[in-house]
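Worksheet for the structure shown next.
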Amino acid sequence: PDGSPLFARRWVHTGSFVMNDGERLFYNQLREYLQDGFDLAKKQGNQGRALGFIMTIFQKIAASSFAAVRSTLRRRQLMLTIHEAIVKDQSLDIDGHLELLNEARRLIMVENKLPDDPIGKGEADHILADMKLRLLKKLENEDLFIFASSDSSEFQSAQGEELAALSIAYTLPQERLRIAELLAVFPAQQEIKVEKLLRGLGSLWNQNPNEKIVIFATYLATVDLLSREIETAYPGQGVVVLRGGDHGTKLAAERRFRKADGPRVLICTAAGREGINLQFARILFNFDLPWNPMDVEQRIGRIHRYGQKDTAQVYNLVLSDTIEGRIYLMLTDKLVEIARALGKVDEHGNVTEDLRVQILGQLSERLSYDQLYRDALTDPELRRTRQEVDSALSNAKEARKVVVELFQDLDKFSLDDYAPLADVEQSKIRIMNFLRQSLVSENGEL
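Position one of the sequence shown corresponds to residue -14 (our numbering), numbered consecutively onward.
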């Protein structure tokens, strides 16, 4: 009623970093692998949509963390190896069949860190049998086409992680060997984004050892990576993970995190965030950034909502020398440019929330983010990408202008302006006279 905000303001900071040498080598080879996949998908026409979707998922996972894309590539490599073993068996190539089965066991033991002893080998055989069964029950084409038909949300992207690993009906030539070559150059050192996150957590806890911190990540392999790294670096702080599950499971995790003596860190996926309120925490890290900026807004809305008493602090982590990072930073810069021209930035230089939501909402209707990021792989200078973004932003700005002009008079509307025109006492007298005359005409009385 007094015009004060319903909840505290927010402060958003984007930390941009460059890859280390090992990450850059791996990323460049991954880009070549993805581009070959997209090129083949285009040649295959409508049937190539599924392969294109698989490549898109790998591109998104790599933007989350290199550890996550390695995990998915390893699982795809394993499924391709098992599939080739089955083909060898069907063609009565016994030696080839056994060689590939042994390779599959080796991959399983490496991925699951199993000991090279009878117990470890037995566990590997159990996993191998399960994988063969899953492969024989492989997903129908429709499953991929549902996901590949349009831009996927953050939640759908996370679901597609499993599809990308298992859908081996859509492959590149010699893809199993191609993946092996790619994995051979995977960087040994800690990921730069993980290093920056851990440093940021330490700085915050130096100021307040009891600070509660929310971290968002899209993919489960990234969540597992962060959980391990944080528990190793800060063993006393505690980590709780929200992967999804039923509402009761989510509420139990939320209650654990909320307790004063509970875990200091909550790591959350898109599936995990639905239906929970985290406004008792004021700090959020976006370890990865969904391609659609509106998904980022939904994440921030978990802590920046009614009931938040403090300024919400949001930290975005971006690799500025990746295609994906450069597009995100370009979109951010363009939005700030528009906001400054309209006088819609706060004292910290942040775009005001109303403008951000208006422009991003319009932009989501005018841009296919999946297509934008895919096409950028062949446009390293982002010339076409920048033109497409500029055009979409210009249209979004014009659409917003029309809406503002339609409703601008409402900003000036006030009932108080009409008070002098209202004579309440005279109105009462007129109403009473009307009622009295009506009753008299009906032989009644007042």
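We put the beta carbon where it would ideally sit given N, CA and C, even for glycine.
Whether residue i touches residue j by CB criterion (7 Å)
i, j, result
"I200", "F272", "yes"
"R241", "V225", "yes"
"T66", "A89", "yes"
"Q264", "I288", "yes"
"L63", "L92", "yes"
"R359", "T41", "yes"
"M4", "L304", "yes"
"A206", "S379", "no"
"F11", "F171", "yes"
"V299", "I252", "no"
"A384", "Q411", "no"
"L99", "A109", "yes"
"A324", "V336", "yes"
"G229", "A256", "yes"
"K181", "F51", "no"
"A218", "L168", "no"
"A149", "I39", "yes"
"L444", "I164", "Outside the displayed range of the chain (-14 to 431) lies residue 444, so it cannot be described from this structure."
"I308", "A237", "no"
"H82", "D74", "yes"
"L302", "G0", "yes"
Proximal residues to residue i (C-beta, below 7 Å), its chain only, five neighbours per side dropped
i, result
"S423", "none"
"R351", "A377, N380 and A381"
"Y204", "I46, S49, A53, A143 and E146"
"P158", "none"
"E160", "L65"
"T363", "Q20"
"G33", "L25, A26 and K27"
Which of helix, strand or coil DSSP assigns to residue i
i, result
"N97", "coil"
"Y155", "coil"
"G247", "coil"
"Q347", "helix"
"Q422", "helix"
"T49", "Residue identity check: residue 49 is Ser in the sequence provided, not Thr. The answer is helix: DSSP assigns S49 an H, G or I state."
"N501", "Because the chain here runs from -14 to 431, residue 501 falls outside it and cannot be looked at."
"A169", "coil"
"K28", "helix"
"E127", "Confidence at E127 is low in this model, with a pLDDT of 43, below 50, so its placement is unreliable and the value that follows should be read with caution. Correct three-state label for E127: helix."
"H111", "helix"
"K413", "helix"
"L83", "helix"
"D78", "coil"
"A133", "Here the model assigns A133 a pLDDT of 49, short of 50, so the residue's position is not dependable and the matter cannot be decided."
"E17", "helix"
"D102", "coil"
"Q175", "coil"
"K122", "coil"
Beta-carbon proximity list for residue i, same chain, < 8 Å, skipping 5 on both sides
i, result
"D339", "K329"
"A173", "G7"
"E166", "Q14"
"H232", "G260"
"L189", "E196, I198 and I268"
"D331", "R(-6) and T337"
"H(-2)", "Q298, V299, Y300 and N301"
"L327", "L340"
Own chain partners of residue i with C-beta closer than 6 Å, once the 5 adjacent residues on each side are dropped
i, result
"G247", "R241"
"G223", "P248 and R249"
"W276", "Y354 and Y358"
"A266", "K197, V199 and I288"
"G107", "none"
"E239", "I261"
"Q44", "L19"
"P278", "L345"
For residue i, the residue or residues it bridges with in DSSP
i, result
"I252", "I200 and V226"
"R(-5)", "A297"
"L304", "F2"
"V72", "None; V72 has no bridge partner."
"V330", "V336"
- Which whole runs of the beta strand (DSSP E) in the stretch 201 to 233 are 3 residues long or more, in chain order? 224 to 227
- Message: Going residue by residue through the stretch 257 to 301, where are the continuous alpha helix (DSSP H) segments of at least 4 residues, counting only ones entirely within it?
- Response: 278 to 285
- Query: Enumerated in chain order, which unbroken segments of the alpha helix (DSSP H) with a length of 4 residues or greater are wholly contained in the stretch 351 to 395?
  - Reply: Taking only runs of at least 4 residues, the alpha helix (DSSP H) segments lying wholly in the stretch 351 to 395 are 354 to 360.
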